[in-house]
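Enquirer:
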Amino acid sequence: MSIDFTLTAEQRKLQQAARDFARSVLADVPAAIRFVPTPQDRLLATKPMYEQLVAEGWLRKILPAPVGGESNGMVDAALVAEEFYAVDADVSLTAFAVVLGLLPVLHGGSPAQVQAAVAPFLTGTGAPLAAFCHSEPGGIANFAEPAPAEGVRTTAVLDGDEWVINGTKQWISNATGWDGTGVDLTTVVCRTAQDPATAPENAFSVIVVPKQESGIVLEEAFDTLGHRGHLTPRFRFDNVRVPRENVVGEVGGGKALVEASFASPAALVGAFGVGLARAAFDAALTFARTEKRAGSVPIIEHQAVGYALADAKTSIEAARYLNWKACHALDNQLPSALELAVQAKIFGSETAVRVITDLMRVVGIDSYNHDLPLARLLQDAVVLPLFDGGNMGVRRRQLHDLLKSPGYNSMSTVES
Ligand SMILES: Cc1cc2nc3c(=O)[nH]c(=O)nc-3n(C[C@H](O)[C@H](O)[C@H](O)COP(=O)(O)OP(=O)(O)OC[C@H]3O[C@@H](n4cnc5c(N)ncnc54)[C@H](O)[C@@H]3O)c2cc1C
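Be aware that the sequence shown starts at 1, since it is given in the working numbering, and climbs by one per residue.
What follows is the structure, encoded as structure tokens:
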């Protein structure tokens, strides 16, 4: 590529359509959930907006074109993610978590598995949900450590032609669905090797679990700091039986599938951060240009305020272009794609938290309640460094491993 960050006409159209949809539909989410006391009821309060998202084709627009969706790749997905997150994090994450739920199948499934998995999400009707069930109580950062580390504890045991799944998962986006009993499709990371000494490379598998009549038991819908209209429950698989052929790829090949499935979402989290920080910037800029705070000039005339806004805008621009670069590398399967995606996740997520906090200092005390959006934006941003593989326990370790690898070329990010 030559260096040119100009979006194509189609991308500008997609960006504008995402902005219009967010402003006309997703903008209703914060008010709809604000005084709803329980996580499950807050999720339900977002259902009309999610149904509209589905009806207006946005699940199709964020699913890849080769499997029947309309997305031409990660740059397109990042454009939509930024526009959506600038307005609402809750329904946006519910929708992007559907893609996450399908990713193991898209990466490792047979053509028949892919077609069956994706079909309900392409129809443009109802409120279909999917979930990727990886995290477990007690932590998941070391999921691929060999024994005596525990690693993945949820088990799947073959009984005749069926897998029998038992175990507890938590923090799983969407997983227990609108009514607490599960969703249309979950991909579940399970230990399938009986011998605890089996090497992690062969010890676990990803298994597709369609909607169950019973056996998905909701234990707690977490009442979280941010993303308050998005569901992240703890729940158990209680002797859930699925056909043997529901395993994705090779039995025992789950580690590689999990790692592949978490590469592109890293870049998307970077875009979430850009969206949140950008919304905070717009709110703070408007405030600074219009508010005199009992003085004689708008506060933007004070140099300290102007410089803080300048720093915030610079950080947001840097995060956005690192993210686009990572998305371009992912789309073109460049050798540097993983490094850039992880950097985009770490930088975009931590920039969002820092920038929003800085902008709250610019606005001052009025940023601290919910009349302005800054408090909500900070609440939603705080999780970005923590989820999708925490920046300490997972993402920096990925970079550390790359830096330690014998063939590492520090210039591959610009030379490939
Ligand atoms: C809104 C939301 C949505 C989510 N959606 C999903 C989902 O759809 N599916 C899913 O599976 N999960 C989901 N999660 C869960 C979440 O993504 C993961 O559980 C989390 O990213 C695990 O990262 P962690 O590093 O905190 O891991 P933990 O295992 O909990 O580690 C905790 C801490 O221990 C330290 N640590 C542990 N091991 C090491 C090490 N080897 N080296 C250095 N430090 C270490 C780090 O400081 C780390 O932060 C979601 C969470 C939230 C809040």
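Quick reminder that beta carbons are idealized off the backbone N, C-alpha and C, glycines included.
(1) In chain order, what are the residue ranges of uninterrupted beta strand (DSSP E) at least 3 long that sit wholly in the segment 134-180?
(2) What residue range does the beta strand (DSSP E) around Arg289 cover?
(3) Just reading off the alpha helix (DSSP H) that Ala319 is part of, what are its end residues?
(4) When the Cα of Arg241 is compared with those of Arg228, Val157, Glu201, which residue comes out closest?
(5) Look up Glu56 in the DSSP assignment and say whether it is helix, strand or coil.
(6) Name the DSSP beta bridge partners of Ala221, please?
(7) Which of the three DSSP states, helix, strand or coil, is assigned to Phe84?
(8) Would the beta-carbon of Gln113 fall within 8 Å of that of Val248?
(9) Would you kindly work out how many angstroms separate the C-alpha atoms of Asn246 and Val209, rounded to a whole number?
(10) With hydrogens ignored, establish whether the beta-carbon of Thr224 is closer than 7 Å to any heavy atom of ligand 1.
(11) State the DSSP-derived secondary structure class of Val248, mapped to helix, strand or coil.
(12) Going straight from the alpha carbon of Leu7 to that of Pro265, what length do you get?
(13) Give the straight-line distance between the Cα atoms of Leu372 and Ala89, rounded to the nearest whole angstrom.
(14) Going by DSSP, which residues form a beta bridge with Val365?
(15) Among the candidates Leu384, Ser2, Ser412, Thr154, whose CA atom is the shortest distance from the CA of Asp238?
(16) CB Pro335 to CB Ser412, shorter than 8 Å?
(17) Any heavy atom of ligand 1 within a distance shorter than 7 Å of the CB on Ala144?
(18) Please state the DSSP three-state secondary structure of Arg241.
(19) Using C-beta distances below 6 Å, list every residue in its chain close to Arg234, excluding the 5 sequence neighbours before and after it, in chain order.
(20) If you drop the 5 nearest sequence neighbours on each side, which residues of the same chain put their C-beta closer than 8 Å to that of Thr176?
(21) Contact check, Ala319 vs Gly273 under 8 Å by CB: the rounded distance?
(22) Please list the terminal residues of the continuous beta strand (DSSP E) segment that includes Leu185.
(23) Pairs of beta-carbons, one from the segment 275-288 and one from the segment 80-97, closer than 8 Å: are there three or more?
(24) Which two residues bound the contiguous alpha helix (DSSP H) that contains Ser412?
(25) Please report the distance separating the alpha-carbon of Val206 from that of Leu185.
(26) Any contact of the segment 250-257 with the segment 277-286, i.e. 3+ C-beta pairs under 8 Å?
(27) If you reduce the DSSP assignment to three classes, tell me which class Thr349 lands in.
(28) What is the rounded straight-line gap between the Cα of Gln16 and the Cα of Gln194?
(29) Starting from Ile207, follow the beta strand (DSSP E) in both directions and report where the run begins and ends.
(30) Can you name the start and end residues of the alpha helix (DSSP H) that Arg34 belongs to?
(31) Using a Cβ-Cβ cut-off of 7 Å (strictly less than) and excluding sequence neighbours within five positions of Leu79, which residues of its own chain qualify?
(32) Rounded to the nearest angstrom, what separates Leu131 and Thr286 at their Cα positions?
(33) Should the segment 53-60 be called in touch with the segment 382-399, which here means at least 3 C-beta pairs below 8 Å?
(34) Use the C-beta contact count for Phe347: other C-beta atoms within 10 angstroms, 16 or more gives buried, fewer gives exposed.
(35) Just the Cα atoms here: how many angstroms apart are Asp380 and Leu374?
(36) Determine the DSSP secondary structure at Gly253, reduced to helix, strand or coil.
Expert: Taking the geometry as given:
(1) 155-159, 162-170
(2) As a first step, residue 289 must be located in the sequence shown, where it is residue number 289. Counting along the chain, Arg289 falls outside any beta strand (DSSP E), though it belongs to the alpha helix (DSSP H) covering 263-290.
(3) Translated into positions along the sequence shown, residue 319 becomes position 319. 303-331 is the span of the alpha helix (DSSP H), which, as asked, contains Ala319.
(4) Start at 1 with the first residue of the sequence shown, and residue 241 comes out as number 241. The option with the nearest alpha carbon to Arg241 is Val157.
(5) Here residue 56 is taken as the residue at index 56 of the sequence shown, counted from 1. Glu56 falls in the coil class under three-state DSSP.
(6) On the sequence shown, position 221 is the one that residue 221 refers to. Pro233.
(7) In the sequence shown, counting from the first residue as 1, residue 84 sits at position 84. Of the three classes helix, strand and coil, the one that applies to Phe84 here is helix, per DSSP.
(8) Stepping through the sequence shown from its first residue, residue 113 is reached at position 113. Stepping through the sequence shown from its first residue, residue 248 is reached at position 248. Taking 8 Å as the Cβ cut-off, Gln113 and Val248 qualify as a contacting pair.
(9) Looking up residue 246 in the sequence shown gives position 246. Looking up residue 209 in the sequence shown gives position 209. Distance between the alpha carbons of Asn246 and Val209: 7 Å.
(10) As a position in the sequence shown, residue 224 is number 224, starting the count at 1. It does: the Cβ of Thr224 is within 7 Å (strictly closer) of some heavy atom of ligand 1.
(11) Looking up residue 248 in the sequence shown gives position 248. Correct three-state label for Val248: strand.
(12) Here residue 7 refers to the residue found at position 7 of the sequence shown. Here residue 265 refers to the residue found at position 265 of the sequence shown. Those two C-alpha atoms are separated by around 21 Å.
(13) For the purposes of this step, residue 372 is taken as the residue at position 372 of the sequence shown. For the purposes of this step, residue 89 is taken as the residue at position 89 of the sequence shown. Answer to the nearest angstrom: the Cα atoms are 16 Å apart.
(14) Indexing the sequence shown from 1 puts residue 365 at position 365. Sequence inspection shows Ile at residue 365; the Val mentioned does not correspond to that position. Per DSSP, none; premise fails for Ile365.
(15) On the sequence shown, residue 238 is found 238 positions in, with the first residue counted as 1. Looking at the Cα atoms, Thr154 is the closest of the given residues.
(16) One-based indexing of the sequence shown puts residue 335 at position 335. One-based indexing of the sequence shown puts residue 412 at position 412. A contact, by the Cβ cut-off of 8 Å.
(17) As a working mapping, residue 144 is identified with position 144 in the sequence shown. Not under cutoff, so the answer is no.
(18) Here the question's residue 241 lines up with position 241 in the sequence shown. Residue state, collapsed to three classes: strand.
(19) One-based indexing of the sequence shown puts residue 234 at position 234. Hits under 6 Å: Gln170, Glu219, Glu220.
(20) As a first step, residue 176 must be located in the sequence shown, where it is residue number 176. Excluding positions up to five away in sequence, the list reads Gly182, Val183, Ile216, Leu218, Ala221, Leu231, Pro233, Phe235.
(21) Here residue 319 refers to the residue found at position 319 of the sequence shown. Here residue 273 refers to the residue found at position 273 of the sequence shown. Rounded, the Cβ-Cβ distance is 6 Å, consistent with contact.
(22) What you label residue 185 is simply residue 185 of the sequence shown in a count that begins at 1. 185-191 is the span of the beta strand (DSSP E), which, as asked, contains Leu185.
(23) yes
(24) Here residue 412 refers to the residue found at position 412 when the sequence shown is read from its first residue. That run of the alpha helix (DSSP H) goes 412-415.
(25) Position 206 of the sequence shown, counted from the first residue, corresponds to residue 206. Position 185 of the sequence shown, counted from the first residue, corresponds to residue 185. Straight-line Cα distance between these residues: approximately 13 Å.
(26) no
(27) For the purposes of this step, residue 349 is taken as residue 349 along the sequence shown, with counting starting at 1. Here residue 349 turns out to be Ser, not Thr, going by the sequence shown. Helix.
(28) As a working note, residue 16 is residue 16 in the sequence shown. As a working note, residue 194 is residue 194 in the sequence shown. Gln16 and Gln194: Cα-Cα distance of roughly 52 Å.
(29) Here residue 207 is taken as the residue at index 207 of the sequence shown, counted from 1. It spans 204-210 - the beta strand (DSSP E) in which Ile207 sits, taken as one unbroken run.
(30) Reading the sequence shown from its first residue, position 34 is the one you call residue 34. Run containing Arg34: none; DSSP gives neither H nor E here.
(31) Counted from its first residue, the sequence shown places residue 79 at position 79. So the list reads Gln11, Leu14, Gln15, Ala18, once near-sequence residues are dropped.
(32) Here residue 131 is taken as the residue at index 131 of the sequence shown, counted from 1. Here residue 286 is taken as the residue at index 286 of the sequence shown, counted from 1. Per the sequence shown, residue 131 should be read as Ala rather than Leu. Cα-Cα distance, rounded: 38 Å.
(33) no
(34) In the sequence shown, counting from the first residue as 1, residue 347 sits at position 347. So Phe347 counts as buried.
(35) Working through the sequence shown from its first residue, we reach residue 380 at position 380. Working through the sequence shown from its first residue, we reach residue 374 at position 374. Rounded to whole angstroms, Asp380 to Leu374 spans 10 Å at the Cα level.
(36) Taking the first residue of the sequence shown as 1, we reach residue 253 at position 253. Gly253: strand per DSSP, three-state reduction.
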